[in-house]
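Input: a single structure, listed below in structure tokens.
Protein chains: 6
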Amino acid sequence: MKLLRHVAAIVTLIVLATMVADATDPGSLQDFCVATNGPAGVFVNGRFCKDPNLAKAKDFFLSGLDIVRNTNNPVGSTVTPANVAQIPGLNTLGISIVRVDYAPNGGLNPPHTHPRATEILVVLEGTLSVGFVTSNPNNTLITKVLKKGDVFVFPVSLIHFQQNIGKTRAVAIAALSSQNPGVITIANAVFNSKPPISSDVLTKAFQVDKSLVQYLQSRSWWINN
Amino acid sequence: MKLLRHVAAIVTLIVLATMVADATDPGSLQDFCVATNGPAGVFVNGRFCKDPNLAKAKDFFLSGLDIVRNTNNPVGSTVTPANVAQIPGLNTLGISIVRVDYAPNGGLNPPHTHPRATEILVVLEGTLSVGFVTSNPNNTLITKVLKKGDVFVFPVSLIHFQQNIGKTRAVAIAALSSQNPGVITIANAVFNSKPPISSDVLTKAFQVDKSLVQYLQSRSWWINN
Amino acid sequence: MKLLRHVAAIVTLIVLATMVADATDPGSLQDFCVATNGPAGVFVNGRFCKDPNLAKAKDFFLSGLDIVRNTNNPVGSTVTPANVAQIPGLNTLGISIVRVDYAPNGGLNPPHTHPRATEILVVLEGTLSVGFVTSNPNNTLITKVLKKGDVFVFPVSLIHFQQNIGKTRAVAIAALSSQNPGVITIANAVFNSKPPISSDVLTKAFQVDKSLVQYLQSRSWWINN
Amino acid sequence: MKLLRHVAAIVTLIVLATMVADATDPGSLQDFCVATNGPAGVFVNGRFCKDPNLAKAKDFFLSGLDIVRNTNNPVGSTVTPANVAQIPGLNTLGISIVRVDYAPNGGLNPPHTHPRATEILVVLEGTLSVGFVTSNPNNTLITKVLKKGDVFVFPVSLIHFQQNIGKTRAVAIAALSSQNPGVITIANAVFNSKPPISSDVLTKAFQVDKSLVQYLQSRSWWINN
Amino acid sequence: MKLLRHVAAIVTLIVLATMVADATDPGSLQDFCVATNGPAGVFVNGRFCKDPNLAKAKDFFLSGLDIVRNTNNPVGSTVTPANVAQIPGLNTLGISIVRVDYAPNGGLNPPHTHPRATEILVVLEGTLSVGFVTSNPNNTLITKVLKKGDVFVFPVSLIHFQQNIGKTRAVAIAALSSQNPGVITIANAVFNSKPPISSDVLTKAFQVDKSLVQYLQSRSWWINN
Amino acid sequence: MKLLRHVAAIVTLIVLATMVADATDPGSLQDFCVATNGPAGVFVNGRFCKDPNLAKAKDFFLSGLDIVRNTNNPVGSTVTPANVAQIPGLNTLGISIVRVDYAPNGGLNPPHTHPRATEILVVLEGTLSVGFVTSNPNNTLITKVLKKGDVFVFPVSLIHFQQNIGKTRAVAIAALSSQNPGVITIANAVFNSKPPISSDVLTKAFQVDKSLVQYLQSRSWWINN
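Residue numbers (UniProt numbering), protein chains in the order written: chain A, 1 to 225; chain B, 1 to 225; chain C, 1 to 225; chain D, 1 to 225; chain E, 1 to 225; chain F, 1 to 225.
This is the structure:
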């Protein structure tokens, strides 16, 4: 019996120890719910919360969004997120931000969607050509050239992009209406999924022949966000 | 004064007459809100409602979802919607359905997203290869072959498709979790927007050269939903 | 100590093993949240999620909705659900479907409500008389006869029914705007709750005498959904 | 032309004059949205708002909830609502209250549901037997006797009732989680809709013969809320 | 092996035993979700649920809201809550109530906000002067004197108060549109936080000198709700 | 009759002309709903929408967020908003941003709440001392010193502030989880409402004497946001 009691105590410790990291929600039901993991292997829609009495200022804090990022990659841009994965205090609060660095002469944040967020972007440096495309049947491209201090809105789930059309680097801060907005980069999802989408699907979808689809699938993609 | 009273009466009639068709909402605040137009040129998020005391059975009704559709088009599929545009009683109620017909030997409902809806599909006839791709960074393709009576789920905003891999026509009924789910066909939004997305953006996004992008943009697209 | 380490390992296995089945949510905060159980005896509003990296196509799949059901029961109908209980991938996604089979000559899906869902129904076979009743004070019956290919909408929480008025069997597919819509069959909830509602309540509510209430309570009810 | 200008002015007045009364919403997007009518014949999901700068204290006010109501009616109860129809300031705010008076010796608030609200009730006077029934398949009756100062909760959309089991009158205040909760009195909706539900439906639903259904339909119903 | 089985059984008991107290949600996804604790140290946004099959009438019940409270404290009022902390059945259902007792001659429920709820109040006894202040830039005070039977609405998140201006005690019942509405008493949050807000902030915010801020911070505050 | 037709035409023009400016909503039911006014004097919860086919890039655009603002005012800060009032395309999309300029040596964004938004702030320049206070009963101050590139979160509805503690000016960009977040500056709402809150309320709330309350009320307040 004594052994069993020891075992029980250890089990309690294990259970507590395994509870260190993962759960958000669609609206806060309390002042805040700082994200943390639940028991190992247990997940909820969003993230579990830290004991609210243990919340600290650092749970609501992140540094380094002023650091210029390396954009030496195929698309010429780098996205630095500040969402619930980086700032656990954002859990359940429905907002996050990102810093985007764009290489000079064409650095591109390629066409993508955020399945759970509208984006509002402010240019800190440089000149961007930005746009989004409306849904069927119109597929209207709404586009604009932005300079320092300009603000633009990309409505939730619509395909959008930004490209640096200046000769110097560009930087933007963008806010997103979710603590976990998600990103679907069109080129990656369509031509570089794992496993690949059948070339029968893609040849008919893009009205091209199979060799071209295979060429598109063979390009090496870069996930910048 | 008498003339003016007549005018007033006529004006009231005109105002009423112009109120014949356009407005939904994120959750019903009453038994139902049958969609109708508001005053000419006035729009709300969703649609205006018909006087609830004038609601009729036909406002909640549509016929013809049993009719086999012509799929003689480039992608080999036709989507027949039954959403708030066809059934005004769906307004504010958060659901709709579609019938999809697929041509034999490859008829395709090409890669697309619904910005405001999850889809659940049941096969009535034929054999479909279906799939959806998860968001970054994994871009996992979740795929399955479906036969008559099989059901599959496409989570909200993810890129998905269905292709008839049988030698006979296929038919499915799919339900969507919005009265106005929206459709973004990837090929159309990316390569056939009006005006077109700059080829500078697309060459870098797909890591191909400009002539290939122009070729992709020159293909004639078919909006089947 | 070595024994205890073994015990600890086993405990971890047990904890993981017991996590195989139970938790949804009002809107997805991630691509999807495939339902699974949490630790034994632990529940959340909705269901816990499977590790998203372990999601498989079968989590989004169900077969057999083409199979004709036996309707040899008192009400002459059978409802075959495809909700989060059958398709764990529906968790948090706000939609589900059902197949309903109706016996010839009066097979009835009796008056009921869905506390969390609007229903949209399409007739695959046969002829149905359907209806719903608006709330107080009007209690208007909105009713329609439906044939193959006809679609009808039953707004959330309103009492509704379908009856086969043809001489052959009837079949419908209906979609519901919740992954867990719930069903309250009026006759069962009012006259066959466990324990029964006091006959004092029912005699006054229905303005009849106690023997009639007792007769109504003595009828054997059939839960077909 | 001068006449026309007069007409135009009058028309403007008419349009303004007809805007005096009808529109709520699922969450306030501003401090408040005091309900008012929109243009004649124009409706939205919920109600239009008064110009916020014209809001007055009386828009948020109602008097008389202390007045004892007459309960001399077939069910022996009277519900006095204080929702958006009585207090326009409640529009978009998601809450309302009612006063319920119960006659001595059985005064009944008969089995009903609120399609859009949970109810929490506090007894001011008397002794009530209350209950609600869970959904299929269990249909469990959760029931309790309440005295002065007792509080009870009736979850959204579930069938519930209260009966005065004391020899003196009873009074309760109940709050509902909607500015327009709606009421479906089961007896009225099932046996006294306009037009009536087909007796074929009701005989099969309640497993009784047609004459009994007709008897139930012939009882005169009383809508007390 | 037998020992290990015993250990496993005990572990299960421990896990169950530690699950006794804490989790709500933004909308019920089932009939109800009676609040309970999850595993020790594990929290979700809101509260975990009790096994729904174990729900009892007492989970939806509270007594004693008729008891007159002692208001012998600095502000002269006492708030008695009936929210998810007192009635676990309120979890996920979006509503709660409070009783407020006010001392004669000025008993005050001091200026405060509910971050997650609109309040609707009915006066049971006495005479209250109540008010709320709109947001910037107007900061309009909407105020009214209430007598027995009067009802008033305080919109979500706005600063509001009630004061007994009669010579006898006053009592009110108020309903709130959340199971966990939260309270921020302005005086306490601004002048008595732990640790205190820097006097540099407060001197500039209130345009007064530091000694006055320190005097305000030195007053002993009373949290009555 | 001809005259009347002219009148009708003019009336239509008038109605159209008066529809130029005012209505948002809690979630977009379409790609976007660019804010505009409805008919004169008619309001909805949020704003009316422009005809979606007339949406232009400028509806989603604002310039000038790079311009340094004058902070020569009593609190030493200036808030420059970019919400639905400045960018009509933000309507229904649940997000907005602000630029805040802080004077050197103590420039303060004084204690305030946003009734409908969480805020996430990134420092572009300078050094800020920031904080928020949790709700009752703890009233814990969560505080942090932020430098360039640092990010901090202020949860929805909690009282918060930022003060420039450096010797040079400071600048921040902050995002808010609403297109119309609202601001309640505590000092203004409590001590400078129109009309003023009764000094009886304030003397008891702050536990000070009437002359001190009158002094606090006599200070001239500055609304900087």
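Beta carbons are placed, not taken as given, at the ideal position from N, Cα and C, and that holds for glycine. As the structure is a prediction and not an experimental result, all values here were calculated from the model.
- At a cut-off of 8 Å between C-beta atoms, E:D51 does not count as an interface residue with respect to chain D.
- One finds nothing in chain A with a Cβ atom closer than 9 Å to the Cβ of F:L128; even the nearest lies about 12 Å away.
- At least one CB atom of chain C sits nearer than 8 Å to the CB of E:V44.
- The beta carbon of D:L146 does not come within 8 Å of any beta carbon belonging to chain C, so the residue lies off that interface.
- For D:I186, the uninterrupted alpha helix (DSSP H) segment begins and ends at 186-191.
- Nearest to E:N192 by C-alpha distance, out of F:Q217, F:L141, F:Q163, is F:L141.
- By DSSP's assignment, C:T140 forms a beta bridge with D:K194.
- Beyond the five residues adjoining it in sequence on each side, C:V145 comes within less than 6 Å, by CB distance, of S129 in the same chain, given in chain order.
- Cβ contact annotation for B:V34 (same chain, cutoff 7 Å, sequence separation greater than five): C49, K50, A55, D59, P88, G89, N91, in chain order.
- Within the same chain, L62, L65, S96, I97, V98 come within 7 Å of A:A82 by CB-CB distance, once the 5 residues on both sides are set aside.
- In this structure, F:A103 places its C-beta atom within 8 Å of the C-beta atom of F:G76.
- Each residue's CA atom was taken as its position, placing D:D209 and D:N188 some 20 Å apart.
- The shortest C-alpha to C-alpha distance from A:N136 to any of B:S218, B:V42, B:N164, B:W222 is the one to B:W222.
- If you check the CB distance, F:T185 and F:H112 come in under 8 Å.
- Membership of B:F206 in the alpha helix (DSSP H) is indicated by the continuous run 199-206.
- Under the 8 Å criterion on CB atoms, E:L29 is classed as non-interfacial with respect to chain D.
- Taking the Cα of F:A172 as reference, the smallest distance to any Cα among F:T36, F:G107, F:V123, F:L93 is reached at F:V123.
- Within 9 Å of the CB of E:G182, the CB atoms of chain A belong to Q30, D31, in sequence order along the chain.
- For the C-beta of E:Q207, the chain F residues within less than 8 Å are, from N- to C-terminus, P74, A187, R219, S220, W221.
- A:T168 counts as exposed, since fewer than 16 other C-beta atoms from the protein chains shown sit within 10 angstroms of its C-beta.
- If you compare the alpha carbons of E:A175, E:A170, E:F206 with that of E:V68, the shortest gap goes to E:A170.
- Taking C-beta atoms as the reference points, F:V84 and F:R47 count as a pair closer than 8 Å.
- Membership of F:Q217 in any beta strand (DSSP E) is not indicated; the residue belongs instead to the alpha helix (DSSP H) covering 210-218.
- Counting other Cβ atoms within 10 Å of its Cβ, F:K148 reaches 16 or more and is therefore classed as buried.
- No Cβ of chain D is located within less than 8 Å of the beta carbon of C:D150.
- If you check the CB distance, C:V156 and B:L29 do not come in under 8 Å.
- The DSSP-derived three-state label of A:F32 is coil.
- Taking the Cα of D:N73 as reference, the smallest distance to any Cα among D:S198, D:L108, D:F43, D:V44 is reached at D:L108.
- Counting along the chain, B:I97 sits inside the beta strand (DSSP E) bounded by residues 96-102.
- Taking 8 Å as the CB threshold, D:S157 lines the interface with chain C.
- With respect to D:A175, E:I120 sits close: the two C-beta atoms are nearer than 8 Å.
- Using a Cβ distance threshold of 8 Å, F:V153 and F:T203 do not count as a contacting pair.
- Here E:D31 is not near C:G27, since their CB atoms are 8 Å or more apart.
- In terms of Cα proximity to B:H160, the closest of B:G131, B:N180, B:Q179, B:N138 is B:G131.
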